[in-house]
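Shown next, in structure tokens, is the structure this report addresses.
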Amino acid sequence: MGKLIARLKAWFTRLRRRRPFVDHVVRTIEHFGVVRGSILSGGITYFGFLSVFPILALAFFVVGYVSEYFPGAQDALETAIDQILPGIVTTQDPPPSGQISFDQIAETRNIAGVLGALGVLYTGLGFVSNLRTSLEAAFDVPKQRSYGFLPGRLRDLATLVLVGVILMVTVGLSGAVTQYTGDILRALGVMSDPVDVAVKVLSVLLGIASGTLLFFALYKLLPHTDVPSSALWRGAVLAAIGFEAIKQLASFILGAAAGGALASLALSVTLLVWIYYFAQLTIYGASWAVTTPQARSRGVEVVPHVVPAFAMMDGEPLGAPVGRAAAAVDAQDAREEVRSASRRLLVVGAIVAAAWAWVRHDKTRSKA
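Quick look at the structure:
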């Protein structure tokens, strides 16, 4: 048995040497494990779940005013949200179990005007901050100086707005191209089953393109990494392909997640599952980027890693973690994150209580 295992290991080492793609896949998976990608994804999911409704409410509040000058702004926002949360947000009112309607979100815009800014500050921007921290760990970015509370939140807000604009523009353009292509072909009378399939393939390719821009923006704007842009594009393409794949399977994934005994918690469960998949893809895309030959040749110090002798190639350990990844998680930082999360939870609870009291007061006043 020992000889068989040794032969298999030697064969796999030769395979990695002959097939750079296989070696890259293995390096990506190992790097994901070294930086504790599952834990990072869990943190992103936690803050993302807390922030999704404040962000959506504030987005509708802002776009509600913008749409007075640009009538198509709200449609673009709804399309962008549907791209990010397919199968979760719907135009039906009342919505099916496990979904929330755009009308329900839009009805909160008045509350968002008063309380949404605070909600975004402590949850939405907390999500951006946590996503940055996770990507810094994945990209092996050295710990940077703190910007302070207000400058840091303004920086996160600017990033959030910029990413949102990029998402709305790219999704709007891809949707418009797909729609107009189909309309033109129908007007010419050349629509058939093969042409219809081609239009659907075009829609998927444009979805991958818009997703690539989204992930590249996240990788470029948030962690301030020294990984070359060419490597970031490769990681963004991988994440976008995975994201488009799960979007195509959304009905199956979310239906299984929210079925059976979890039906009463359908919306919460589907949101958690979807955000977790998004977070996993984000970290895997970063891991793919940081393990590309371009990124590995940028000259950072490699953390010592015990590797069997058979796993050496050209003097470099196959699958050794990149950079300072092994030291990415510090105990003091973890305690600070716990305290910060506790403070945010208290503030979110206070905001929710204030919103509930305001709604109750408004209903009582309207009845009177």
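Under the numbering used here, the first residue of the sequence shown is numbered 1163, with each subsequent residue one higher. Cβ coordinates follow ideal geometry from the N, Cα and C atoms, glycine included. Here the structure is a predicted model, which means the values were calculated and not measured.
Please go through the same chain and pick out, in chain order, the residues whose beta-carbon is closer than 6 angstroms to the beta-carbon of residue i, but skip the five residues on each side of it.
i, result
"Thr-1454", "Ala-1393, Arg-1396"
"Trp-1450", "Thr-1190, Gly-1397, Leu-1400"
"Leu-1322", "Val-1290"
"Leu-1443", "Ala-1401, Gly-1404, Phe-1405"
"Val-1331", "none"
"Ala-1379", "Val-1325, Ile-1328"
Can you give me the Cβ contacts of residue i inside the same chain, cut-off strictly under 7 angstroms, excluding the 5 residues immediately before and after it?
i, result
"Val-1399", "Thr-1374"
"Ser-1296", "Leu-1202, Gly-1205, Ile-1206, Ile-1445"
"Gly-1447", "Phe-1377, Gly-1397, Ala-1398, Leu-1400, Ala-1401"
"Ala-1349", "none"
"Leu-1166", "none"
"Val-1136", "Any question about residue 1136 goes unanswered here, given that the chain covers just 1163 to 1530."
"Thr-1552", "Since the displayed the chain opens at 1163 and closes at 1530, residue 1552 lies outside it and no answer follows."
Can you give me the start and stop residues for the alpha helix (DSSP H) that residue i sits inside?
i, result
"Thr-1285", "Where Thr-1285 is concerned, there is no enclosing alpha helix (DSSP H), given that its DSSP letter is neither H nor E."
"Ser-1392", "1391 to 1410"
"Arg-1169", "1164 to 1180"
"Pro-1455", "1455 to 1458"
Going by C-alpha to C-alpha distance, which of the options sits closest to residue i?
i, options, result
"Ala-1320", "Gly-1286, Phe-1301, Val-1331", "Gly-1286"
"Gly-1288", "Val-1214, Arg-1179, Phe-1440, Ala-1299", "Val-1214"
"Phe-1211", "Leu-1367, Tyr-1439, Ser-1430", "Ser-1430"
"Val-1435", "Ile-1206, Ala-1168, His-1186, Val-1331", "Ile-1206"
"Thr-1387", "Lys-1305, Phe-1209, Gly-1204", "Lys-1305"
"Ala-1221", "Leu-1324, Arg-1294, Trp-1450, Tyr-1208", "Leu-1324"
"Ala-1371", "Gly-1344, Tyr-1342, Ile-1328", "Ile-1328"
"Val-1196", "Gly-1204, Ala-1300, Leu-1177", "Ala-1300"
"Asn-1292", "Tyr-1446, Leu-1384, Val-1188", "Leu-1384"
"Val-1339", "Thr-1295, Val-1361, Leu-1177, Glu-1192", "Val-1361"
"Val-1452", "Ile-1403, Ser-1391, Phe-1440, Leu-1170", "Ser-1391"
"Phe-1377", "Tyr-1342, Val-1184, Gly-1326", "Gly-1326"
"Tyr-1208", "Ile-1437, Arg-1198, Phe-1174, Leu-1443", "Ile-1437"
"Gly-1314", "Leu-1443, Arg-1294, Thr-1332", "Arg-1294"
"Lys-1382", "Val-1303, Lys-1165, Tyr-1342", "Val-1303"
"Glu-1298", "Asp-1355, Leu-1166, Val-1389", "Val-1389"
"Gln-1456", "Lys-1165, Arg-1169, Ile-1167, His-1186", "His-1186"
"Ala-1441", "Pro-1182, Leu-1312, Arg-1169, Ser-1200", "Ser-1200"
Run through DSSP, which three-state label would residue i get?
i, result
"Lys-1305", "coil"
"Gly-1199", "helix"
"Leu-1367", "helix"
"Leu-1322", "helix"
"Asp-1185", "helix"
"Leu-1297", "helix"
"Thr-1374", "helix"
"Gly-1351", "coil"
"Leu-1384", "coil"
Which residues in the same chain as residue i place their Cβ atom closer than 8 angstroms to its Cβ, once the five residues preceding and following it in sequence are excluded?
i, result
"Val-1366", "Glu-1406, Gln-1410"
"Val-1357", "Leu-1347"
"Ser-1336", "Ser-1365, Leu-1368, Gly-1369, Ala-1371, Ser-1372"
"Asp-1345", "none"
"Leu-1177", "Val-1184"
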